[in-house]
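Residue numbers (this note's numbering), protein chains in the order written: chain F, 1 to 189; chain P, 1001 to 1189.
2 protein chains.
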Amino acid sequence: MSLRHALLGLLAEHPASGWDLSRRFDDVLGAVWPAGHPQIYGELRRLEQEAFIEVESEGPRRRKAYRITDRGLAEVRRWLTTVEVDHTMRLEALLRSAFFWLMTPDQLSDHLRREAAYYESVAASYRQLAGAKDRGEFGHSPQMEALRIAAEAGTRLNAALSEWATWALAHPISPPEPAAPFDPSEPGD
Amino acid sequence: MSLRHALLGLLAEHPASGWDLSRRFDDVLGAVWPAGHPQIYGELRRLEQEAFIEVESEGPRRRKAYRITDRGLAEVRRWLTTVEVDHTMRLEALLRSAFFWLMTPDQLSDHLRREAAYYESVAASYRQLAGAKDRGEFGHSPQMEALRIAAEAGTRLNAALSEWATWALAHPISPPEPAAPFDPSEPGD
DNA sequence: AGTAGACATGTTCTTAGCAACATGTCCATA
DNA sequence: TATGGACATGTTGCTAAGAACATGTCTACT
Chain F
1 MSLRHALLGL LAEHPASGWD LSRRFDDVLG AVWPAGHPQI YGELRRLEQE AFIEVESEGP
61 RRRKAYRITD RGLAEVRRWL TTVEVDHTMR LEALLRSAFF WLMTPDQLSD HLRREAAYYE
121 SVAASYRQLA GAKDRGEFGH SPQMEALRIA AEAGTRLNAA LSEWATWALA HPISPPEPAA
181 PFDPSEPGD
Chain P
1001 MSLRHALLGL LAEHPASGWD LSRRFDDVLG AVWPAGHPQI YGELRRLEQE AFIEVESEGP
1061 RRRKAYRITD RGLAEVRRWL TTVEVDHTMR LEALLRSAFF WLMTPDQLSD HLRREAAYYE
1121 SVAASYRQLA GAKDRGEFGH SPQMEALRIA AEAGTRLNAA LSEWATWALA HPISPPEPAA
1181 PFDPSEPGD
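In structure tokens form, the structure reads like this:
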């Protein structure tokens, strides 16, 4: 249930509408915390009821921009500083690795090659983003610096996964067992 | 909804009861795919209905051990080889990093130090496990080799996160902005 | 004036996930 | 023989997540 705090965190930067927030999730935060718009609109309604945010302005097309309240700002800070980090991970790619022995060597190396390429391309795009930020292309606000740190995590995490897949390619799983056919030309054990 | 395939994958090794499977999730798979026992028992019932698994034996305390069917084995293999990997990640620790700018420098470095220590200790335990497997302490079955590969991922992933936190410690976020107090001893801009 | 398409917000419905509760069995040991 | 604890399986009920559907508006172009 970190969604509410993520929304508060985004609103701490500046007011935004549900649509704006949904976009930021799609573009940035979604990589580590996916959230669809139904969830976001619903959570915003609750946050308003609890006075963590308030309507700042109403625009065309029923657009409502929300502003964070002092109470809301205090709540994000409380979360960041006193709530234990939830280290739960959910990585289907790694779950699959426990079952690699069910694949043929060919299927597995094909799979690993594609995984390595995927993670490498994601890592590359974070690397590029980090580079742009280091060149000052996005200014130097504290918010931007926090995203620079997040981009570093994206780079390292995906690079590690890519390297792992490459490592696994070099460590094939031996065939299903003792079924090694008897070969009289080989010395016995 | 990878849970069903994970259960099938575990049952592909050998028959097991709901309790056994729940244990394996707690001990091993839970690190990358958490699952509580209510979910597991429910899914097993559905898998049996769909003839992916069947009851192998009934034991004391209503214990039911399930065996995978040919249909079930084909289904895991289909999943492993033809279903696109879902690369969705959900990492609260990284979500938080986008909001580091809301913390004071002291709070942030305290946080990062604890994160680095946490990930390093997790990485160390995977490293140890991998070492034991390399020393042959768990035999050499293909299943064990797959878990060896998974342990490598655990090591690299957590090491990367630990190193990231350490890197972030060395890249502090500059103060909230232009509020630099005027100091007449400094040359003006 | 009509219309296509992006913008914007919502509801509905289903499933996933998970904590809490309920039930009963077997085993060791006091 | 009573009792505590590990074993084992389930149900209930709430919240999260997410796909699909519904609605309406504004802009630009024809």
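Glycine included, C-beta positions come from ideal geometry on N, C-alpha and C.
query	result
So is the beta-carbon of residue 1097(P) under 8 angstroms away from any non-hydrogen atom of the ligand HEM?	Absent from the structure shown: the ligand HEM. Ligands present: none.
Taking 6 angstroms as the limit between beta carbons, can you name the residues of its chain near residue 1079(P), skipping five residues before and five after?	1005
Mind pulling the chain F residues with CB within less than 9 angstroms of residue 1086(P)?	92 and 93
Does the beta carbon of residue 128(F) come closer than 9 angstroms to any beta carbon on chain P?	no
The beta strand (DSSP E) spanning residue 1040(P) covers which residue range?	Counting along the chain, residue 1040(P) falls outside any beta strand (DSSP E), though it belongs to the alpha helix (DSSP H) covering 1037-1049.
Tell me, please, whether the stretch 101-116 of chain F touches the stretch 1036-1052 of chain P by the rule of three or more beta-carbon pairs shorter than 8 angstroms.	no
For residue 1009(P), count the other beta carbons within 10 Å of its own beta carbon; 16 or more makes it buried, fewer makes it exposed. Which is it?	buried
Sorted by chain position, which residues of the same chain lie with C-beta nearer than 7 angstroms to residue 115(F)'s C-beta, five sequence neighbours on each side aside?	93 and 165
Taking C-alpha atoms, which residue in 1147(P), 1022(P) and 1124(P) lies nearest to residue 1037(P)?	1022(P)
So, is the C-beta of residue 1118(P) closer than 9 angstroms to a C-beta in chain F?	yes
Spatial neighbours of residue 1057(P) within its chain, please: C-beta separation below 7 angstroms, excluding the five flanking residues on both sides.	1065
I'd like to know whether the C-beta atoms of residue 1053(P) and residue 1003(P) end up nearer to each other than 9 angstroms.	no
With 9 angstroms set as the bound, which would you pick, yes or no: does the beta-carbon of residue 142(F) sit closer than that to a beta-carbon of chain P?	yes
Would you list the residues sitting across from residue 13(F) in a DSSP beta bridge?	Partner(s): none; residue 13(F) has no beta bridge.
Hey, does residue 175(F) have any beta-carbon neighbour from chain P nearer than 9 angstroms?	yes
Anything in the stretch 31-49 of chain F with a Cβ closer than 9 angstroms to a Cβ of chain P? List those residues in chain order, please.	31, 32, 33 and 34
Under three-state DSSP, which class holds residue 1055(P)?	strand
Can you pull the chain P neighbours of residue 147(F), defined as C-beta to C-beta under 8 angstroms?	1098
Step through the CB atoms of chain F and report whether any lies within less than 9 angstroms of the CB of residue 1156(P).	yes
Buried or exposed: where does residue 156(F) fall if 16 or more other Cβ atoms within 10 Å of its Cβ makes it buried?	buried
My output table needs one value for residue 1067(P): the three-state DSSP class, helix, strand or coil.	strand
Of all the residues that make up the stretch 1051-1080 of chain P, which are near chain F by a beta-carbon distance shorter than 9 angstroms?	1073, 1076, 1077, 1079 and 1080
Under the assumption that residue 217(F) contacts residue 1081(P) (Cβ atoms under 8 angstroms), give the Cβ distance between them as a whole number of angstroms.	Given that chain F is displayed from residue 1 to residue 189, the structure contains no residue 217(F) and the question cannot be resolved.
If the cut is a Cβ gap below 8 angstroms, which residues of chain P does residue 29(F) touch?	1095 and 1098
What does a CB cutoff of less than 8 angstroms around residue 1130(P) pick up in its chain, not counting 5 residues either side in sequence?	1148, 1151, 1152 and 1155
Compare the beta carbon distance of residue 168(F) and residue 120(F) with 9 angstroms and say whether it is the shorter of the two.	no
Tell me, please, whether the CB atom of residue 152(F) is closer than 9 angstroms to any CB atom in chain P?	yes
Counting only beta-carbon separations shorter than 9 angstroms, does residue 1002(P) have a partner in chain F?	yes
Shortest alpha-carbon distance to residue 18(F) belongs to which of 47(F), 126(F), 132(F) and 31(F)?	47(F)
Taking only beta-carbon positions, decide if residue 16(F) is within less than 9 angstroms of chain P.	no
Does the beta-carbon distance from residue 1172(P) to residue 1097(P) come in below 9 angstroms?	no
Consult DSSP for residue 173(F) and reduce its assignment to one of helix, strand or coil.	coil
Run through DSSP, which three-state label would residue 1007(P) get?	helix
Should residue 51(F) go down as buried or exposed, given a rule of 16 or more other Cβ atoms within 10 Å for buried?	exposed
List, in chain order, every chain F residue whose beta-carbon is nearer than 8 angstroms to that of residue 1139(P).	Near residue 1139(P) there are no residues of chain F at all, since even the closest Cβ is about 11 angstroms away, more than 8 angstroms.
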